[in-house]
Amino acid sequence: MSLFQGINTSASALTANRLRLDTIASNIANAETTRASFVDGKWQPYRRKMIELSPRSSQSFDSFLQAAVGTASGTGGEQGVRVTAIKEDMTPFKRVYDPSHPDADQEGYLLLPNVDPMKEMVDLISASRSYEANVTALNASKAMMLKALEIK
Numbered sequence: 775m776s777l778f779q780g781i782n783t784s785a786s787a788l789t790a791n792r793l794r795l796d797t798i799a800s801n802i803a804n805a806e807t808t809r810a811s812f813v814d815g816k817w818q819p820y821r822r823k824m825i826e827l828s829p830r831s832s833q834s835f836d837s838f839l840q841a842a843v844g845t846a847s848g849t850g851g852e853q854g855v856r857v858t859a860i861k862e863d864m865t866p867f868k869r870v871y872d873p874s875h876p877d878a879d880q881e882g883y884l885l886l887p888n889v890d891p892m893k894e895m896v897d898l899i900s901a902s903r904s905y906e907a908n909v910t911a912l913n914a915s916k917a918m919m920l921k922a923l924e925i926k
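Numbers 775 to 926, taken from this note's numbering, label the letters of the sequence shown in order.
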């Protein structure tokens, strides 16, 4: 087990959560964008983006714990998380009657992005708290390393 494994794990989570926060901010900023992409000869609204995370290691948590306490062979491999994809949410767009809007169709209906501000705020708080927890874990790892240096 590496001395820096805890720091590397926290660093990967911090990077992933920063990308989550950036994606959520983009979703909130584009919640009213009706012209984001040109598909099939017409403009489409912004489509909500989501981050997909996966573990860096394919090893199960149980086998990792057994390897860490010495009851199984192996070092545990590379730990942490990684971003596997930035996916678009395929839920349908909101259809609103607004004949005065320049992007309304012939019937007067307007397609709005599939971004729900309440859902985005919940995701934002979750990502923010996860980021804070990983900063705390990183600081704890750093403090343990400094105490180990003091012991000599």
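Glycine included, each C-beta is placed from N, C-alpha and C at the ideal position.
Note that the coordinates shown come from a computational prediction; the quantities given were computed from them, not determined experimentally.
Exercise for the section: Any chance you could list the beta strand (DSSP E) runs of at least 3 consecutive residues sitting entirely within the segment 852 to 891, in chain order? Expected result: 855 to 862, 868 to 871, 883 to 886
Practice task
From the DSSP output, in three-state form, read off A790 for me.
Solution key: Here A790 carries a helix assignment [DSSP, helix/strand/coil].
Exercise for the section: Note down the Cα distance separating R792 from Y905, rounded to an integer number of angstroms. Expected result: Straight-line Cα distance between these residues: approximately 7 angstroms.
Exercise for the section: Determine the closest residue to S831 out of Q818, S811, Y820, Q853, with distance taken between C-alpha atoms. Expected result: Q853
Practice task
Would you kindly work out how many angstroms separate the C-alpha atoms of E881 and Y820, rounded to a whole number?
Solution key: Across the structure, E881 and Y820 are spaced so that their CA atoms are roughly 21 angstroms apart.
Handout entry: Residues near A810 by beta carbon distance below 8 angstroms, same chain, minus five either side
Key = Take A810, set aside five residues on each side of it, and the residues of its chain with a beta-carbon closer than 8 angstroms to its own are N804, W817, Q818, P819, Y820, R821, P887, in chain order.
Exercise for the section: Quick one: give me the first and last residue of the beta strand (DSSP E) that P829 is part of. Expected result: 823 to 829 is the extent of the beta strand (DSSP E) around P829.
Practice task
Please state if the CB of V855 and the CB of A907 are separated by a distance shorter than 7 angstroms.
Solution key: When the beta-carbon positions are compared, A907 and V855 stay at least 7 angstroms from each other.
Handout entry: Exposed unless 16 or more other CB atoms sit within 10 angstroms - verdict on S784
Key = buried
Exercise for the section: Please state whether DSSP places Q779 in a helix, a strand or coil. Expected result: helix
Problem - Nearest candidate by alpha-carbon position, reference N782, set A922, A911, K926, L923 - result: With respect to the C-alpha of N782, the residue from A922, A911, K926, L923 having the closest C-alpha is A911.
Exercise for the section: Out of T807, K868, E826, point me to the one whose CA is closest to L795's CA. Expected result: For L795, the nearest C-alpha among the options comes from E826.
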